[in-house]
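Chains as they are written, first to last, in this note's numbering: chain A, 1 to 241; chain B, 242 to 320. In this text, a Cβ means the ideal position worked out from N, Cα and C, and glycines have one as well. Since the model is a prediction, treat every value here as computed from it, not as a measurement. Structure, as structure tokens:
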């Protein structure tokens, strides 16, 4: 589905980002897998020629720009940006750590917008492109005990819709994915017990697998979604029904 | 076509400007058509023709023919 396409994926060290990088490569894309660390898996992935790991902090604008210029130099284009990197927190309003909150906004919102700004300038020249932003169901619905995280994901949704309006004239599509509860390794190891009751509230009765979210990324990255832009697509096992 | 010709051609493409019009006074203040959309078009062509990726501050600073020259010089493009 992605033969000949060039993708930049952030947060590719683990979870949804890693699953998306693998799935994109399986579907023929050349993938630049970005994360601050944790990209050792690429060496054993079987896709060493088509997944190129780049370790950087996406809050470091200089490093991000260098990476985009490198992709431009090596491939001549970027077809897909998947903004998957993100920080998450679970805090009641009265217990918000504002240093952590500022950092979360830097990663979840500011860096995401900067990546859209840079890559869309390349995409505009080729008059095509797909940008996929990882939001969350709590960005649209809110969540008790996740004010700061939901605020950052609400900003992702707003940024997605505004970018879609601004970039439509260049045939660049911008969509967001709003997962429910995802069974990443970290979630299963640390938080599953804490959220056991909430998992029972999911109509499908289980967490999403990162690979299931990656499948939606694949659809939005591919020409199968050619006429879709400015949308926030939920993938949550029915929890927001 | 040398770099200066390429640079002048950007203004021909964006504003339909003739070479003899381009100079110190060719700026946002004096060219009524010079709005933010045209400014982005100038930047986009500069990036494409000279194989650059300009910083946001350069994009905002590109408000005249001369400013554009300075931005190119800063990025290693001799005119």
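CA nearest to the CA of residue i, picked from the options
| i | options | result |
| --- | --- | --- |
| residue 21 (chain A) | A:241, A:229, A:228, A:214 | A:214 |
| residue 260 (chain B) | B:271, B:246, B:272, B:266 | B:246 |
| residue 111 (chain A) | A:201, A:200, A:57, A:221 | A:57 |
| residue 257 (chain B) | B:244, B:243, B:279 | B:279 |
| residue 24 (chain A) | A:177, A:168, A:220, A:162 | A:220 |
| residue 99 (chain A) | A:126, A:125, A:148, A:72 | A:148 |
| residue 305 (chain B) | B:251, B:242, B:244, B:243 | B:251 |
| residue 301 (chain B) | B:284, B:270, B:267 | B:284 |
| residue 51 (chain A) | A:70, A:94, A:6 | A:6 |
| residue 106 (chain A) | A:67, A:200, A:155, A:91 | A:155 |
| residue 175 (chain A) | A:144, A:131, A:137 | A:131 |
| residue 262 (chain B) | B:287, B:307, B:296 | B:307 |
| residue 29 (chain A) | A:36, A:78, A:54 | A:78 |
| residue 94 (chain A) | A:145, A:217, A:233 | A:145 |
| residue 165 (chain A) | A:41, A:39, A:42, A:229 | A:229 |
| residue 244 (chain B) | B:287, B:296, B:270 | B:287 |
| residue 46 (chain A) | A:26, A:120, A:186 | A:26 |
| residue 208 (chain A) | A:223, A:188, A:194, A:197 | A:188 |
| residue 275 (chain B) | B:320, B:319, B:254 | B:254 |
| residue 201 (chain A) | A:226, A:240, A:218 | A:240 |
Beta bridge counterpart(s) of residue i as assigned by DSSP
| i | result |
| --- | --- |
| residue 10 (chain A) | A:34 |
| residue 268 (chain B) | B:305 |
| residue 53 (chain A) | A:33 |
| residue 130 (chain A) | A:80, A:173 |
| residue 234 (chain A) | A:178 |
| residue 270 (chain A) | Residue 270 (chain A) is absent from the structure shown; chain A starts at 1 and stops at 241. |
| residue 91 (chain A) | A:146 |
Neighbour flag for residue i against chain A, beta carbons, 8 Å
| i | result |
| --- | --- |
| residue 298 (chain B) | no |
| residue 294 (chain B) | yes |
| residue 277 (chain B) | no |
| residue 273 (chain B) | no |
| residue 285 (chain B) | yes |
| residue 289 (chain B) | yes |
Proximity test, Cβ basis, 8 Å: residue i and chain B
| i | result |
| --- | --- |
| residue 124 (chain A) | yes |
| residue 121 (chain A) | yes |
| residue 34 (chain A) | no |
| residue 68 (chain A) | yes |
| residue 8 (chain A) | no |
| residue 77 (chain A) | no |
| residue 65 (chain A) | yes |
| residue 118 (chain A) | yes |
Residue range of the alpha helix (DSSP H) that includes residue i
| i | result |
| --- | --- |
| residue 68 (chain A) | 61-75 |
| residue 125 (chain A) | 111-126 |
| residue 255 (chain B) | 244-256 |
| residue 137 (chain A) | 137-141 |
| residue 154 (chain A) | 147-167 |
| residue 105 (chain A) | 98-105 |
| residue 199 (chain A) | 196-201 |
| residue 26 (chain A) | 15-26 |
| residue 321 (chain B) | With chain B covering only 242 through 320, there is no way to say anything about residue 321 (chain B). |
Below-8 Å beta-carbon distance, residue i vs any chain E residue
| i | result |
| --- | --- |
| residue 289 (chain B) | Although the question refers to chain E, the structure presented lacks it and instead comprises the protein chains A and B. |
Are the region 76-87 of chain A and the region 2-22 of chain A in contact at 8 Å, needing three or more beta carbon pairs?
yes
Counting pairs of Cβ atoms below 8 Å between the region 201-219 of chain A and the region 176-183 of chain A, do you hit three or more?
yes
Mind the definition here: the region 101-115 of chain A touches the region 45-60 of chain A only if three or more C-beta pairs lie below 8 Å; say whether that holds.
yes
Counting pairs of Cβ atoms below 8 Å between the region 151-163 of chain A and the region 90-98 of chain A, do you hit three or more?
no
Would you say the region 163-174 of chain A touches the region 118-138 of chain A, given that touching needs at least three Cβ pairs under 8 Å?
yes
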